[in-house]
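Numbering (my numbering), first residue to last: 1097 to 1387.
All C-beta atoms, glycine included, are put in the ideal place defined by N, C-alpha and C.
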Amino acid sequence: MKIVRFLGGLGNQMFQYAFYKSLELQFKNVKADILEFENYTHHNGFELEKIFPLRINHASRFEINFIDFRNRAWKYRKLRRLLFFKGGYYEEWPFFSYEDSIFRDHSSKIYWGYWQHHDYVDKVGDQLRKDFVFPALDPSPNLELLKELGQEEKSVAIHVRRGDYLKDPYLGGLVNLAYFENGISYMKERLAHPRFYVFSDDMAWCKENLPLGNDAIFVDWNIGNESYRDMQLISQCKHAIISNSTFSWWGAWLNQHPEKLVVVPKLWWRHPDIKVDTSQMHPTAWITIEG
1097 MKIVRFLGGL GNQMFQYAFY KSLELQFKNV KADILEFENY THHNGFELEK
1147 IFPLRINHAS RFEINFIDFR NRAWKYRKLR RLLFFKGGYY EEWPFFSYED
1197 SIFRDHSSKI YWGYWQHHDY VDKVGDQLRK DFVFPALDPS PNLELLKELG
1247 QEEKSVAIHV RRGDYLKDPY LGGLVNLAYF ENGISYMKER LAHPRFYVFS
1297 DDMAWCKENL PLGNDAIFVD WNIGNESYRD MQLISQCKHA IISNSTFSWW
1347 GAWLNQHPEK LVVVPKLWWR HPDIKVDTSQ MHPTAWITIE G
């Protein structure tokens, strides 16, 4: 049995789901551990099955505790001895890396990690596009904007993530204003009269600092349990300038415009103490810019 531990916000869950599906290509009995969300107070809990029409095989608490050899409770240790079962726990390190040996290991394991490497996604890309389908929109500002985006040939989504990154540098760290300025310039050099659509948790900062003129649309109405609608709208823009956020990463990835331009920060993870290579997180066609 393979058990993938899910944690984090929607973007992280989508990467973990991609890893889960890639394991299913190789192994018959793959399950999800979502116990983390029983007491999870950040974001909107476990969202995958709330938003998308997909089905996940959930592991029971017993299965998780039995396989995880770190659980030293007597009943699990005794049962492992009786069954000559060792169990296993695999923790991804370094982050943003790809480990092919995972798919050759047939032993039972729990997998902890974020699995943010484009090779995990590419393995199951066609399946993910079938699974990550957003619910239909009722009449609303979102529906009106969706119609507009269908007609706008030079739409550019800009996603600015600041809120939780301001409070905790270990989450990812802020990209600077120069990154967005350079990304906007890049789009203007390649698209005649692009129209920018801004998605952010800090609209006041965006309106004050981003050099967009008077023709930008600030999408500020999707909050709480409806926040995922921003990802849906980002995916319908023809091009994107994203933050170091898995939320907008998936919005850009789900965009199926054949000539899309996607700008991403060259330095994705700005951990104050640990340096890791994030260059393989993105599809090779995406454009990296300093910031």
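Task: Proximity to I1338 [Cα-Cα], best of G1309, I1370, D1369 and E1386 - done: E1386
Open item on the list: Just to confirm, is the Cβ distance from A1312 to F1292 under 8 Å?
Closed with: yes
Task: At least 3 beta-carbon pairs within less than 8 Å: the region 1223-1230 vs the region 1107-1126 - done: yes
Open item on the list: Please report the straight-line C-alpha distance between N1340 and K1098, rounded to a whole angstrom.
Closed with: 30 Å
- [ ] May I ask which residues mark the beginning and end of the alpha helix (DSSP H) holding S1331?
- [x] Y1324 to Q1332
Task: Same chain only: Cβ atoms within 8 Å of I1198, ignoring 5 sequence neighbours per side - done: L1119, Y1186 and Y1207
Task: Helix, strand or coil at K1226 [DSSP, three-state] - done: helix
Open item on the list: Taking a contact to mean a Cβ-Cβ separation below 8 Å, would you say F1295 touches I1330 in this structure?
Closed with: yes
Task: Local Cβ density within 10 Å of W1346, reported as buried at 16 or more and exposed below that - done: buried
Task: Reduced DSSP category for F1191 - H, G, I as helix; E, B as strand; rest coil - done: coil
- [ ] Compare the beta carbon distance of I1163 and K1124 with 8 Å and say whether it is the shorter of the two.
- [x] no
- [ ] Count the other C-beta atoms from every protein chain shown that fall within 10 angstroms of the C-beta of S1251, then say buried if there are 16 or more, exposed otherwise.
- [x] buried
Task: Element boundaries [alpha helix (DSSP H), containing W1346] - done: T1342 to L1350
Task: Inter-stretch contact at 8 Å, needing at least 3 Cβ pairs: the region 1314-1324 / the region 1188-1196 - done: no
TODO: Give me whichever residues DSSP pairs with A1274 in a beta bridge.
DONE: Note: A1274 sits in no beta bridge, so no partner.
Task: Strand pairing of A1128, partner residues [DSSP] - done: V1100 and H1154
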